[in-house]
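Heads up, the sequence shown is in our numbering, so the first residue is 15 and it goes up one at a time.
Here is the structure we will look at.
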Amino acid sequence: MDVFSGESLTCIRGDRVVFTNLNFSIEEGEVLNLQGPNGSGKSTLLRLMAGLISPLEGKLIWNGSEVQIQERDFCIYFHYVGHQDAIKNALTVEENLRFWSDLRSLGQNESMIKRALDTFSLTDLSSLPARFLSAGQRKRLNLTRLCTTTARLWILDEPANSLDKESSEILNDLIKVHQKDGGILAIATHDIVMPGNKILNITDFSDTKNFKDLNDE
15 MDVFSGESLT CIRGDRVVFT NLNFSIEEGE VLNLQGPNGS GKSTLLRLMA
65 GLISPLEGKL IWNGSEVQIQ ERDFCIYFHY VGHQDAIKNA LTVEENLRFW
115 SDLRSLGQNE SMIKRALDTF SLTDLSSLPA RFLSAGQRKR LNLTRLCTTT
165 ARLWILDEPA NSLDKESSEI LNDLIKVHQK DGGILAIATH DIVMPGNKIL
215 NITDFSDTKN FKDLNDE
């Protein structure tokens, strides 16, 4: 059984403690929903989970083994979708999908690429350079990674931002299927309802109640 956990995590930004002694554990089919006001550290924790930043103290554990930050063997198990997209403006929509597939050393699966384009209604835009996409189209393209390659763990930061109602419903359906198939999800969202998920309120692990000076990613 896949298990992703964090033990005694402490993270600072500048001279401020964002959270301290934070613990979590997520197993197959479970969703960890991060809650807290803007600036409380939700994005910081998700970036830490994805190996983009390191904790001051504590460790991440995947299936019983401690995760080394940016470790290749761990990176193949997760997708991270944050506020900043991973889109290359010089490439077309389809070329971005192929680049992501190659980056994960999984080759180019034609059926998965076609499915990803179809799922988020990007087929007609497949030859368009990404620099011409609207904010909503860029967000949809960024989310196609969830369909292009498989990953046991999804780390999503406000994934429904900039999406229209139809695209939000598509994303919601993808999350439900991922969960049903035994996938693991860590997410910060105000727009997607996921019954039965675990709740982690970042403020429970903060040394300060004054969040106005903390800016989430």
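We put the beta carbon where it would ideally sit given N, CA and C, even for glycine.
- In the three-state reduction of the DSSP assignment, R129 falls in the helix class.
- Non-local beta-carbon contacts of L36 in its own chain, meaning distances under 6 angstroms to residues more than five positions away in sequence, involve L23, F219 in chain order.
- Restricting attention to L170, Q193, D187, S19, the CA atom closest to the CA of Q98 is found in L170.
- Remark: C-beta atoms of G20 and L60 do not approach each other more closely than 8 angstroms.
- The shortest CA-to-CA distance from T217 to any of S182, V32, K194 is the one to V32.
- In the pairwise beta carbon analysis, the region 72-79 is classified as not touching the region 99-114: fewer than three pairs are separated by under 8 angstroms.
- About 6 angstroms separates the beta carbons of G150 and D178, which is inside the 8 angstroms limit, making them a contact pair.
- For M126, the CB contacts under 6 angstroms within the same chain, skipping 5 residues up- and downstream, are T162 in chain order.
- According to the DSSP secondary-structure assignment, Y91 is paired through a beta bridge with no residue.
- Between I101 and L155, the C-beta gap is smaller than 8 angstroms, which places the two residues in contact.
- Note on the region 120-184: whole beta strand (DSSP E) runs with a minimum of 3 residues are 167-171, in chain order.
- DSSP places T58 inside the alpha helix (DSSP H), whose first and last residues are 56-63.
- A distance below 8 angstroms separates the beta carbons of A174 and T203.
- Of the residues assessed, F18 falls on the buried side of the cut-off, its CB having 16 or more other CB atoms within 10 angstroms.
- K56 is a Cβ neighbour of G50, given a cutoff of 8 angstroms.
- The beta carbons of N186 and R145 sit about 29 angstroms from each other, so the pair does not count as a contact at 8 angstroms.
- Shown here, I213 sits in a strand according to DSSP, grouped into three states.
- The continuous stretches of beta strand (DSSP E) do not include V81, and DSSP gives it neither H nor E.
- Secondary structure at K102: coil, using DSSP grouped into helix, strand and coil.
- A residue is called buried when at least 16 other Cβ atoms come within 10 angstroms of its Cβ; Q82 does not meet this threshold and is exposed.
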